[in-house]
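For the record, the sequence lines run as chains H and L.
For the first sequence, UniProt numbering assigns the number 1 to the initial residue and increments by one for each residue that follows.
For the second sequence, UniProt numbering assigns the number 1 to the initial residue and increments by one for each residue that follows.
The beta-carbon is built from N, C-alpha and C at its ideal position, and this holds for glycine as well.
Quick caveat, the model's predicted, so the values are computed rather than measured.
First the structure, in the form of structure tokens, and then the observations on it.
Number of protein chains: 2
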Amino acid sequence: MSESKAGQPDETAKPRRRQARGERRIQQLLDAAASVFCRAGYTSASTNAIAREAGVSPGTLYQFFPNKEAIAVELGERLNRRMLETHGVVFTLENAALPLRELIDAVLDPMIEFNCANPAFLTLLQSSDAPGHFLEEHAALHDSIQDRIGELIGVRNPGLSPERRTHTANMAFALFKAGLGLILGHEGAEREAYVAELKTALYGYLAPVLGTEGAPARP
Amino acid sequence: MSESKAGQPDETAKPRRRQARGERRIQQLLDAAASVFCRAGYTSASTNAIAREAGVSPGTLYQFFPNKEAIAVELGERLNRRMLETHGVVFTLENAALPLRELIDAVLDPMIEFNCANPAFLTLLQSSDAPGHFLEEHAALHDSIQDRIGELIGVRNPGLSPERRTHTANMAFALFKAGLGLILGHEGAEREAYVAELKTALYGYLAPVLGTEGAPARP
DNA sequence: CAAGAATGCGAGCGGGCGCTCGTGTTTGTC
DNA sequence: GACAAACACGAGCGCCCGCTCGCATTCTTG
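Encoded structure:
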């Protein structure tokens, strides 16, 4: 059943065989899109500007994406996937047993690093202006992260009611995004200072709910 | 030697005499703008839509505002002024002497109430996409609030270095905006829950810096 | 090689945007 | 009432947007 040739995800009827050149173009276009979205926001970013930044013509852009929205969706999905692939391990359950301060370090440091390297991610997460359909994909992306946080909270404090857990996860994520905005808005020592402030804030918020100690598991 | 006629490039000259009807129209237009900005964000909001929502023609809108940007600026200024007039008292120094929990209640409750009644304010505060000039006015609005917070923090803990104070004020304000977004995104009991979560978060963040007690002098 | 698919181009389309302008109506002042 | 200023209208201008299309070029395959 499995094709011995290149993996063929037989989804809908889409007999489009991409060449290596095409994949490269897609990556160029997404990189350019990240840059332009970051600079102007989703609505103000123009597809012509994205194509220009990628060094291709508008027509070429539309060879690979059906419309502007699809660019943002694909960019968001790729960034999300890459973040989980690279740093998804921080959400594993063993981390839940760490003392709270170490848990926050373990989760935040990779996330902050990733977002500093990919500032477009936060831009997409915060883009409130958007055509309706993008908002749905956007919400899905949002929830996929929120679920990870809620899961971690649930393991850490199983006694929490589902509502409280949702509220806590939502608020923690919102606080994180807020701090991330400050962090990305500064550089060098200032940035480090805001990283420390954000950790302090999250510690202060989560300590009463999750406890400061780690799980009784001993090495 | 006053000018008899002929308005020249005199900056301070304001030869426009508004009638009561005009002031009413301006208010209608700003109300409509608040609604549209809130629904679509600054960039996606169209001046034609604002005029339509206000029940006037596009030409009438431009009788009172030179361009779209001026609408947002004026709206922001009016909201900011109104907030300070109505609730500015919460930043007075006597409040700084309250126990931290009461201080947070005293500051946050009126702010939350105001922002629930005027959700456009947060929209403007968060509007990242915008033409350059608007961003300057926007930053001024931002700073005017931030200064108030920094002042309060400074009175509460005079020993704080100016840098720390700035960082703390910035972070506290960012956390507040983040929580406010969640609050405005929910209603009824959910909203109340997020209000409580936000207060918890701010308390947890500020307690180590400002102390939980009311007495300002503390070894 | 030939042939077809994938890729690439860029002028230009339809449309909605911010905004204008000629004209008509209401209001304040004498 | 006479007159000017303020107010109101709405068709429409110029611009730029997202996006298309016809055609040229490059790759893959046999």
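Per-residue burial, residue 89 (chain L) [other beta carbons within 10 Å of its own, 16 or more giving buried]: exposed
So which residues on chain L does residue 171 (chain H) lean against when the C-beta distance must stay under 9 Å? 178, 179, 182, 194, 197, 198, 200 and 201
Please say whether residue 50 (chain L) and residue 29 (chain L) have beta carbons closer to each other than 9 Å? Cβ atoms of residue 29 (chain L) and residue 50 (chain L): closer than 9 Å.
Give the straight-line distance between the Cα atoms of residue 137 (chain H) and residue 165 (chain L), rounded to the nearest whole angstrom. When the Cα atoms are used, residue 137 (chain H) and residue 165 (chain L) turn out to be separated by approximately 39 Å.
Going along the chain, which residues of the UniProt domain "HTH tetR-type" (23 to 83) of chain H sit with their C-beta nearer than 7 Å to a C-beta in chain L? If the cut-off is 7 Å between Cβ atoms, the UniProt domain "HTH tetR-type" (23 to 83) of chain H has 40, 41, 43 and 44 near chain L.
Return yes when the Cβ of residue 115 (chain L) is within less than 9 Å of the Cβ of residue 183 (chain L), no when it is not. Yes; because the gap between Cβ atoms is below 9 Å, this pair is in contact.
Hey, does residue 147 (chain L) have any beta-carbon neighbour from chain H nearer than 9 Å? no
Chain-ordered chain L contacts of residue 167 (chain H) [CB-CB under 7 Å]: 193, 194 and 197, listed in chain order.
Tell me the residue span of the alpha helix (DSSP H) that contains residue 187 (chain H). Run containing residue 187 (chain H): none; DSSP gives neither H nor E here.
Specify whether the stretch 92 to 112 of chain L and the stretch 121 to 131 of chain L touch according to this definition: at least 3 beta carbon pairs, one from each stretch, less than 8 Å apart. no
Roughly how many angstroms separate the alpha carbons of residue 55 (chain H) and residue 191 (chain H), rounded to a whole number? 33 Å
Find the nearest neighbour of residue 17 (chain L) within the set L:47, L:63 and L:52, judged by alpha-carbon distance. L:63
Span separating the alpha-carbon of residue 20 (chain L) from that of residue 126 (chain L): Computed Cα separation, rounded: 33 Å.
Please classify residue 168 (chain H): is it buried, with 16 or more other beta-carbons within 10 angstroms of its beta-carbon, or exposed? buried
beta-carbon residue 128 (chain H) near the ligand ZN non-hydrogen atom, thresh 8 Å: In the structure on display, the ligand ZN does not appear, and there are no ligands present to speak of.
Run through DSSP, which three-state label would residue 16 (chain H) get? coil
Enclosing alpha helix (DSSP H) for residue 91 (chain L) [first to last residue]: Where residue 91 (chain L) is concerned, there is no enclosing alpha helix (DSSP H), given that its DSSP letter is neither H nor E.
Option nearest residue 209 (chain L) by Cα separation, candidates L:196, L:193, L:161 and L:48: L:161
Out of curiosity, what's the CA-to-CA distance linking residue 67 (chain H) and residue 198 (chain H)? 37 Å
Straight-line gap, residue 26 (chain L) to residue 53 (chain L) (C-alpha atoms, nearest Å): Computed Cα separation, rounded: 13 Å.
Taking C-beta to C-beta, are residue 117 (chain L) and residue 35 (chain L) nearer than 9 Å? Cβ distance not < 9 Å, so residue 117 (chain L) and residue 35 (chain L) don't count as in contact.
Assigned secondary structure, residue 41 (chain H) (DSSP; H/G/I helix, E/B strand, else coil): helix
Beta-carbon of residue 188 (chain H) versus every beta-carbon of chain L: anything under 9 Å? no
Taking only beta carbons into account, state which residues of the stretch 202 to 214 of chain L come closer than 9 Å to chain H, listed in chain order. Within the stretch 202 to 214 of chain L, the qualifying residues are 202, 203, 204, 205, 206, 207, 208 and 209.
List, in order along the chain, the chain L residues whose C-beta lies closer than 8 Å to that of residue 128 (chain H)? 41, 123 and 126
Residue burial classification, residue 140 (chain L) (beta-carbon count within 10 angstroms, cutoff 16): Residue environment for residue 140 (chain L): exposed (fewer than 16 other C-beta atoms within 10 angstroms of its C-beta).
Collapsed DSSP secondary structure at residue 48 (chain L) in the structure displayed: helix
Under 9 Å between beta-carbons, which chain H residues line up against residue 97 (chain L)? List them in chain order, please. Going along chain H, no residue has its Cβ under 9 Å from residue 97 (chain L), so there is no contact; the nearest lies around 22 Å.
Just checking: is the beta-carbon of residue 174 (chain H) within a distance shorter than 9 Å of some beta-carbon in chain L? yes
For residue 86 (chain L), I'd like the list of residues in its chain whose CB is within less than 8 Å of its CB, leaving aside the five on either flank, ordered along the chain. 110 and 114
N-terminal and C-terminal residue of the alpha helix (DSSP H) that residue 144 (chain H) is part of: 132 to 156
In three-state terms, what does DSSP make of residue 210 (chain L)? helix
Any idea if residue 48 (chain L) is buried or exposed, counting beta-carbon neighbours within 10 angstroms, 16 or more meaning buried? In this structure residue 48 (chain L) is exposed. Its beta-carbon is surrounded by fewer than 16 other beta-carbon atoms within 10 angstroms.
Please state the DSSP three-state secondary structure of residue 204 (chain H). DSSP, read as helix, strand or coil, puts residue 204 (chain H) in helix.
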